[in-house]
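Undergrad:
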């Protein structure tokens, strides 16, 4: 007859109790995340940016608390033996079962969960490897924490950006202002790069505790960038909008590169947030866990820099005037977006838009296949940098256009640590939307949101349309 006060029984019960605790916690984390996403959709659709900002803070809070708790669980598990003897036999003994159920009821837990773990499909894993059950719930809960945290950062950025746009605060722009702002943004870009390099180095050294500590520290620092990044992006946009209305082509030419630079910085900041959240989660795993060993191994063997190819730098004017020189070549070009259209022209689902120079004297058509870029937030008036193949003739269209380049991430992740991490965070953030190589400036939500007739005008569309994360037992 088993007694809960005996050391072995206490140990067996502690493992089972922790398993049940984790499953209930995982269910709460998942439901809180899904409820938050529904509320975010409604807030964005109503353009209620203060509400979205509050929900974003909640998401970041869920991530912080959940990941900290998982780190504590991991430390506890390291003190528990990997295997236990005769757990099934113990549970079949009535006194042990009754005492266990009484303790669970007093703790407000569902006693039927015990039988769920003792069915024919899961029995062996419980008797021989109870740790496997705990780690499965640990991974699922951690993955939802990353999802809640990332959408908390990205939705928070969009909320702050739109709130600033509502204030209508444009810059008072002079030559010195532009020069100082450009230098300021370059310095921030270096800081962002240092975050990634520090993580690469820490991962290479292989300590889960160090990975966890560095990642959580960096996440706190990323919070500090809320103070300037979305606000600066909004003010540059408003200044550019006013210059466009007044047809000040000289000022447009100077502001457009800054507008694009802020869009690049914003997405780099979001990417780093996703990477650090994922690394924090991985840092909560026990030594020997596959995700942890994979991250360490890849940091040790892969060079830091991305291997994603970029095309030959050119201009819209050059493409228009010397098109045959660039025919079928990979090019890199910047411009301002107009006339975004999503269609199935020729039976192919695609996004097409016009890319203009800052004076709007020259333009070229751009097509991306199998994606809706408006759903990712790219709308008219945005400044964009694209990489694609310039095609004078094609079955896709009967006029010259740039076909956006799609990057083979499955290959590049084997050659570069940065590309490996970009693939690792894809369940939460798609750095290259549908593998297309482009980046654009941030734009506010256009009045009417998804219910507007021109439904492609959704500057915060990446919050509305961003895929809902659902755990599938791995990446």
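In our numbering, the protein residues as written are 4 to 478. For each residue, glycine too, the CB sits at the ideal point set by N, CA and C. Being a predicted model, the structure only gives us computed values, none of them experimental.
When DSSP labels each residue in this structure, what does residue 328 get in the three-state scheme?
TA: Residue numbering aside, residue 328 sits at position 325 when the chain shown is read from its first letter. Looking at residue 328 - three-state DSSP - the assignment turns out to be helix.
Undergrad: Count the C-beta pairs between the region 397-415 and the region 280-299 that are closer than 8 Å, then say yes if the count reaches three, no if not.
TA: Contact between the region 397-415 and the region 280-299 is absent, because fewer than three Cβ pairs lie under 8 Å.
Undergrad: Does the beta-carbon of residue 46 have 16 or more other beta-carbons within 10 angstroms, so that it is buried, or is it exposed?
TA: Looking up residue 46 in the chain shown gives position 43. Per the 10 Å Cβ criterion, buried.
Undergrad: Just to confirm, is the Cβ distance from residue 151 to residue 32 under 9 Å?
TA: One-based indexing of the chain shown puts residue 151 at position 148. One-based indexing of the chain shown puts residue 32 at position 29. In this structure, residue 32 lies closer than 9 Å to residue 151 by Cβ.
Undergrad: Tell me where the beta strand (DSSP E) around residue 404 begins and ends.
TA: Here residue 404 is taken as the residue at index 401 of the chain shown, counted from 1. First-last of the beta strand (DSSP E) with residue 404: 404-407.
Undergrad: Compute the beta-carbon to beta-carbon distance between residue 155 and residue 277, rounded to the nearest angstrom, for a pair I have assumed lies under 8 Å.
TA: By one-based count along the chain shown, residue 155 stands at place 152. By one-based count along the chain shown, residue 277 stands at place 274. Residue 155 to residue 277, Cβ: 11 Å. No contact.
Undergrad: So the beta strand (DSSP E) residue 341 belongs to, where does it begin and stop?
TA: Counted from its first residue, the chain shown places residue 341 at position 338. 333-346 is the extent of the beta strand (DSSP E) around residue 341.
Undergrad: Nearest CA to the CA of residue 170: which residue from 77, 264, 240, 224?
TA: The residue given as residue 170 occupies position 167 in the chain shown. With distances taken between Cα atoms, residue 170 lies closest to 240.
Undergrad: Alpha carbon to alpha carbon, how far is residue 176 from residue 255?
TA: Against the chain shown, residue 176 aligns to sequence position 173. Against the chain shown, residue 255 aligns to sequence position 252. Whole-angstrom Cα-Cα distance: 11 Å.
Undergrad: Quick one, are the C-beta atoms of residue 208 and residue 63 less than 9 Å apart?
TA: Taking the chain shown and counting its residues from 1, one reaches residue 208 at position 205. Taking the chain shown and counting its residues from 1, one reaches residue 63 at position 60. Not a contact, by the Cβ cut-off of 9 Å.
Undergrad: Residues in the same chain with beta-carbon distance under 6 Å from residue 456, minus the five sequence neighbours each way, listed in chain order, please.
TA: For the purposes of this step, residue 456 is identified with residue 453 of the chain shown, where counting begins at 1. Low confidence applies here, because residue 456 scores a pLDDT of 45, under 50, leaving its location unreliable; read the following figure in that light. Closer than 6 Å at the Cβ level, and outside the excluded window around residue 456, lies no residue.
Undergrad: Output yes or no for whether 9 Å exceeds the beta carbon distance between residue 372 and residue 393.
TA: The count along the chain shown starts at 1 and reaches residue 372 at position 369. The count along the chain shown starts at 1 and reaches residue 393 at position 390. No.
Undergrad: Just confirm the distance between the C-beta atoms of residue 210 and residue 77, as a whole number of angstroms; I'd bet it's less than 8 Å.
TA: The count along the chain shown starts at 1 and reaches residue 210 at position 207. The count along the chain shown starts at 1 and reaches residue 77 at position 74. In this structure, residue 210 and residue 77 do not form a Cβ contact; the two beta carbons are roughly 13 Å apart against a cut-off of 8 Å.
Undergrad: Quick check on DSSP: helix, strand or coil for residue 30?
TA: Position 27 of the chain shown holds residue 30. Taken through DSSP and simplified to helix, strand or coil, residue 30 comes out as helix.
Undergrad: Along the chain, where does the alpha helix (DSSP H) containing residue 413 start, and where does it finish?
TA: Working through the chain shown from its first residue, we reach residue 413 at position 410. Unbroken alpha helix (DSSP H) run through residue 413: 412-415.
Undergrad: Do the region 242-262 and the region 303-314 touch if we need at least three Cβ pairs shorter than 8 Å?
TA: No: the two stretches stay apart, fewer than three of their Cβ pairs being nearer than 8 Å.
Undergrad: With DSSP run on the structure shown, which of helix, strand or coil describes residue 474?
TA: Reading the chain shown from its first residue, position 471 is the one you call residue 474. Reduced to three states, the DSSP call for residue 474 is coil.
Undergrad: Rounded to the nearest angstrom, how far is the Cβ of residue 159 from that of residue 99, given a contact under 8 Å?
TA: Sequence index remark: in the chain shown, residue 159 carries index 156 (1-based). Sequence index remark: in the chain shown, residue 99 carries index 96 (1-based). That pair is no contact at about 49 Å.
Undergrad: Whole angstroms are fine: how far does the CA of residue 252 sit from the CA of residue 148?
TA: Residue 148 sits at position 145 when you count from the first residue of the chain shown. Residue 252 sits at position 249 when you count from the first residue of the chain shown. The C-alpha of residue 148 lies about 46 Å from the C-alpha of residue 252.
Undergrad: For chain B, is any of its Cβ atoms less than 9 Å away from the one on residue 248?
TA: Looking at the structure shown, chain B is missing, and only one protein chain is on hand.
Undergrad: Are the CB atoms of residue 161 and residue 55 within a distance shorter than 9 Å?
TA: Here residue 55 refers to the residue found at position 52 of the chain shown. Here residue 161 refers to the residue found at position 158 of the chain shown. Cβ distance < 9 Å, so residue 55 and residue 161 count as in contact.
Undergrad: Pull up the DSSP beta-bridge partners for residue 439, would you.
TA: Counting from 1 along the chain shown, the entry for residue 439 is found at position 436. Bridge partners of residue 439: 409.
Undergrad: Measuring CB to CB, does residue 415 end up less than 9 Å from residue 310?
TA: By one-based count along the chain shown, residue 415 stands at place 412. By one-based count along the chain shown, residue 310 stands at place 307. A contact, by the Cβ cut-off of 9 Å.
Undergrad: Would you mind working out which of 448, 470, 269 sits nearest residue 168, comparing C-alpha positions?
TA: Residue numbering aside, residue 168 sits at position 165 when the chain shown is read from its first letter. The option with the nearest alpha carbon to residue 168 is 448.
Undergrad: Please report how far the alpha carbon of residue 114 lies from the alpha carbon of residue 391, in whole angstroms.
TA: For the purposes of this step, residue 114 is taken as residue 111 along the chain shown, with counting starting at 1. For the purposes of this step, residue 391 is taken as residue 388 along the chain shown, with counting starting at 1. Their Cα atoms are separated by approximately 59 Å.
Undergrad: In terms of residues, what are the limits of the beta strand (DSSP E) holding residue 50?
TA: Start at 1 with the first residue of the chain shown, and residue 50 comes out as number 47. Per DSSP, residue 50 belongs to no beta strand (DSSP E) and is neither H nor E.
Undergrad: If residue 345 and residue 301 are in contact, beta carbons under 8 Å, what's the gap, nearest whole angstrom?
TA: Indexing the chain shown from 1 puts residue 345 at position 342. Indexing the chain shown from 1 puts residue 301 at position 298. The pair is not a contact, with the Cβ atoms about 36 Å apart (cut-off 8 Å).
Undergrad: If you follow the beta strand (DSSP E) that residue 392 is in, where does it begin and where does it stop?
TA: Counting from one through the chain shown, the residue named residue 392 turns up at place 389. Run containing residue 392: 386-394, per the beta strand (DSSP E) assignment.
Undergrad: State the Cα-Cα distance for the pair residue 42 and residue 180, rounded to the nearest angstrom.
TA: Within the chain shown, residue 42 is the residue found at index 39, counting from 1. Within the chain shown, residue 180 is the residue found at index 177, counting from 1. Roughly 39 Å between the two C-alpha positions.
Undergrad: Identify the continuous beta strand (DSSP E) that holds residue 368 and give its terminal residues.
TA: The residue given as residue 368 occupies position 365 in the chain shown. Looking at the DSSP string, the run of the beta strand (DSSP E) that includes residue 368 is 366-372.
Undergrad: Is the beta carbon of residue 427 closer than 9 Å to that of residue 280?
TA: Counting from 1 along the chain shown, the entry for residue 280 is found at position 277. Counting from 1 along the chain shown, the entry for residue 427 is found at position 424. Their beta carbons are not under 9 Å apart, which means residue 280 does not touch residue 427 by this criterion.
Undergrad: Express the C-alpha separation of residue 39 and residue 472 in angstroms, rounding to a whole number.
TA: For this step, residue 472 is matched to residue 469 along the chain shown. For this step, residue 39 is matched to residue 36 along the chain shown. So the alpha carbons of these two residues sit roughly 12 Å apart.
Undergrad: Hey, how far is the Cα of residue 329 from the Cα of residue 400?
TA: If you number the chain shown from 1, residue 329 lands on position 326. If you number the chain shown from 1, residue 400 lands on position 397. Each residue's alpha carbon lies about 17 Å from the other.
Undergrad: Under 8 Å Cβ to Cβ from residue 442, same chain only, skipping five residues before and after it: list those, please.
TA: By 1-based counting over the chain shown, the position of residue 442 is 439. Within the same chain, residue 442 has close Cβ partners 263, 266, 267, 270, 387, 388.
Undergrad: In whole angstroms, what is the alpha-carbon distance linking residue 439 and residue 334?
TA: For this step, residue 439 is matched to residue 436 along the chain shown. For this step, residue 334 is matched to residue 331 along the chain shown. Roughly 14 Å separates the two Cα atoms.
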